[in-house]
Amino acid sequence: MNDSPGWATPGSSPSDGEGSQGTQPPSGGSGDSKWSAEQPPPGQWSSPTPGQTPPAPQQPPAPQQGAGWGSYGGGNPPRNGAPGGWGNPNPTVKPGVIPLRPLGMGEILDGAVSTMRKHWRAVLPITLVVAVLVQLAGVLVQKYAFADVVLDQSSDAPLDEQLESLSSMVGLYSATTFIQLVGTIVATAMLTMIFSRAILGHGSSIGAAWREARPQLARLFGLTLLLGIGAALLFALLVLPGALTGQAFLAVLGGLIALGLVLWLWVRFSLASPALMLEKTSVRKALTRSSKLVKGSWWRIFGITVLTNIITGFVSGLIVLPLTLVGGLLFGGGLEGMADGTGATSWGYLILVAIGGVIGLTITMPMQAGVTVLLYVDQRIRREALDLELARAAGIENYGTTTPPTGG
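Numbering follows the numbering used here, with no gaps: position 131 of the sequence shown is 204.
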């Protein structure tokens with residue numbers, strides 16, 4: 074056992090149909106239904122039998138107590154359906170940013186924010202660099218490509234010039250999208266490693282995060298592209314038949330069905346990225362792991378993910394919108410220039426908007442990445458008792474050793 078972010082080795086969990094590697098409880102079977110049934114309830118790893126005095130666990134000094142002994146902040150049901158906290162003298166163990174038990178929605182959000190606050194020296198430089206590159210590319214596109222297309226559309230330029238301007242804009246937008254994709258993938262990979270260490274109460278550095286993330290970067294690129302291409306193909310298959318035959322109703326119906334399927338698949342595979350990075354597995358196995366971990370918790374994960382996006386969107390809007398308005402009024406020709414689009418290409422306006430975008434991305438990107446990682450950890454705690462392995466990786470001795478053994 075090591076205490077690096079590789080605490081979850083591929084194939085070591087019951088969800089892969091194999092036994093655990095020493096630190097996981099025996100699965101007793103390969104079915105999903107036995108994950109939860111064979112795990113001890115949260116906060117009750119050392120729950121004694123009646124009349125028996127439990128031994129005092131050896132733990133680091135002054136562990137922080139979570140929301141309560143076995144309580145689930147947010148009203149989530151405990152594993153095995155056991156009542157949380159009765160008769161349990163041991164406080165919740167919290168070596169890092171989260172307690173080692175199933176998490177409530179508030180604890181997941183708080184864990185993401187706490188990591189940003191406690192480990193900002195490693196988190197913020199990564200997202201700041203990515204945000205600057207993305208916004209710089211966006212400024213160049215809007216300054217040179219968008220301005221030319223607007224002017225050509227309002228003139229009597231020949232069709233070939235219109236097409237040339239349009240192709241230039243598409244090319245620049247493609248370059249911008251590529252830069253954003255690369256930056257987001259690299260940042261997500263490194264942030265995943267930082268968050269995994271923060272769970273154990275360990276610090277991290279940018280260099281260490283890069284060294285740990287680099288071996289899986291190519292696979293993370295492949296996973297991202299596979300999901301994007303799959304979504305595009307799904308829309309094409311369901312929308313194009315109606316569009317090509319001139320049946321607007323069929324095209325709209327196909328689009329709605331495609332949107333629903335993409336949304337369902339988006340949540341189902343939302344944990345593939347942390348599974349890929351932390352379990353050092355392949356793209357196919359990461360997709361399978363995510364599907365198994367999300368099974369039975371789709372609505373919960375969907376709700377937390379949507380709420381996170383709403384919060385980050387609101388925070389980003391509070392930062393970007395005022396700077397956009399100030400830039401439009403000062404450098405964009407006022408309300409008239411903002412209305413007809415001519416003020417959207419002035420340097421002053423673009424710079425102010427870019428500054429707001431940099432600040433917004435720097436703050437919101439790690440929060441979104443952190444929530445995804447913590448959702449992955451939470452699902453593994455609920456289904457696979459990952460807290461036992463996390464406690465050992467954090468150096469907490471005798472964690473859960475007094476739990477009565479399950480029948481094999």
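Where a beta carbon is used, it is the ideal one built from N, C-alpha and C, also for glycine.
CA nearest to the CA of residue i, picked from the options
| i | options | result |
| --- | --- | --- |
| Leu394 | Ile374, Leu425, Leu380, Trp420 | Leu425 |
| Arg373 | Val444, Leu463, Gly274, Pro172 | Val444 |
| Thr297 | Arg284, Arg287, Trp339 | Trp339 |
| Lys216 | Leu447, Gly421, Ala458 | Gly421 |
| Leu336 | Ala348, Thr250, Gln320, Leu307 | Leu307 |
| Thr257 | Val212, Pro288, Ala204 | Ala204 |
| Ala345 | Ala427, Gly401, Phe294, Leu403 | Phe294 |
| Phe342 | Gly315, Gly433, Gly184, Val446 | Val446 |
| Phe402 | Glu457, Gly369, Gly390, Leu423 | Sequence inspection shows Leu at residue 402; the Phe mentioned does not correspond to that position. Residue Leu423 is the option with its Cα nearest to Leu402. |
| Val399 | Val379, Val388, Ala427 | Ala427 |
| Val207 | Ala195, Thr249, Val243, Lys353 | Thr249 |
| Leu213 | Tyr246, Ala195, Ser240, Ile302 | Tyr246 |
| Ser370 | Asn382, Gly429, Tyr449, Gly319 | Tyr449 |
| Glu352 | Ser240, Ala286, Val170, Val186 | Ala286 |
| Gln289 | Pro314, Ala260, Ala458 | Ala260 |
| Leu299 | Val170, Ala271, Leu360, Phe404 | Leu360 |
| Ala271 | Ala464, Glu470, Tyr472, Asn471 | Ala464 |
| Leu209 | Thr318, Ala458, Gly429, Asn382 | Gly429 |
| Val186 | Asn382, Val170, Ala195, Gly177 | Val170 |
| Gly192 | Glu462, Pro439, Asp460, Leu459 | According to the sequence provided, residue 192 is His. The question's Gly does not apply to it. That would be Pro439, whose Cα lies nearest to the Cα of His192. |
| Val243 | Gly211, Lys368, Asn471, Thr318 | Gly211 |
| Ala331 | Ile392, Ala321, Ala309, Ile199 | Ala309 |
| Ser269 | Gly184, Gly327, Ile432 | Gly184 |
| Gly301 | Val388, Ser278, Glu462, Phe251 | Phe251 |
| Leu201 | Val431, Leu391, Val379, Asn382 | Val431 |
| Glu462 | Gly177, Ile199, Leu273 | Leu273 |
| Ile485 | Leu459, Leu317, Ala321, Arg194 | With the chain covering only 74 through 481, there is no way to say anything about residue 485. |
| Ile279 | Leu317, Gln320, Glu470, Ile199 | Ile199 |
| Gly179 | Ser364, Ala321, Leu380 | Leu380 |
| Gly276 | Ser364, Leu176, Phe404, Arg190 | Arg190 |
Residue interval of the alpha helix (DSSP H) (run including residue i)
| i | result |
| --- | --- |
| Gly274 | No alpha helix (DSSP H) contains Gly274, which DSSP labels as neither H nor E. |
| Ile383 | 371 to 404 |
| Ser187 | 178 to 191 |
| Lys365 | 356 to 367 |
| Ser346 | 345 to 351 |
| Val426 | 420 to 457 |
| Ile342 | According to the sequence shown, residue 342 is Phe rather than Ile. From DSSP, Phe342 is part of no alpha helix (DSSP H); its letter is neither H nor E. |
| Ala316 | 290 to 317 |
| Ile171 | From DSSP, Ile171 is part of no alpha helix (DSSP H); its letter is neither H nor E. |
| Gly280 | 279 to 286 |
Expected contact under 8 Å - CB spacing of residue i and residue j to nearest Å
| i | j | result |
| --- | --- | --- |
| Leu197 | Thr435 | 6 Å |
| Met350 | Thr418 | Not quite, the Cβ-Cβ distance comes to about 40 Å (not below 8 Å), so this is no contact. |
| Gln441 | Thr397 | No, Gln441 and Thr397 are not in contact; Cβ-Cβ is about 22 Å, not under 8 Å. |
| Ile181 | Ile454 | Ile181 to Ile454, Cβ: 11 Å. No contact. |
| Thr188 | Arg174 | Going by Cβ atoms, the distance from Thr188 to Arg174 rounds to 18 Å, so no, they are not a contact pair. |
| Ala348 | Arg357 | Between Arg357 and Ala348 the Cβ distance is about 11 Å, and since that is not below 8 Å, they are no contact. |
| Ala304 | Val312 | Rounded, the Cβ-Cβ distance is 12 Å, inconsistent with contact. |
| Ala282 | Met263 | 4 Å |
| Ala467 | Pro168 | 4 Å |
| Gln253 | Leu366 | Incorrect: roughly 28 Å between the Cβ atoms, too far for contact. |
| Gly327 | Gly315 | 5 Å |
| Ser389 | Gly433 | 4 Å |
Residue i Cβ short of 7 Å to the ligand MN heavy atom set
| i | result |
| --- | --- |
| Gly333 | Within the structure as shown, the ligand MN is missing, as the structure has no ligands at all. |
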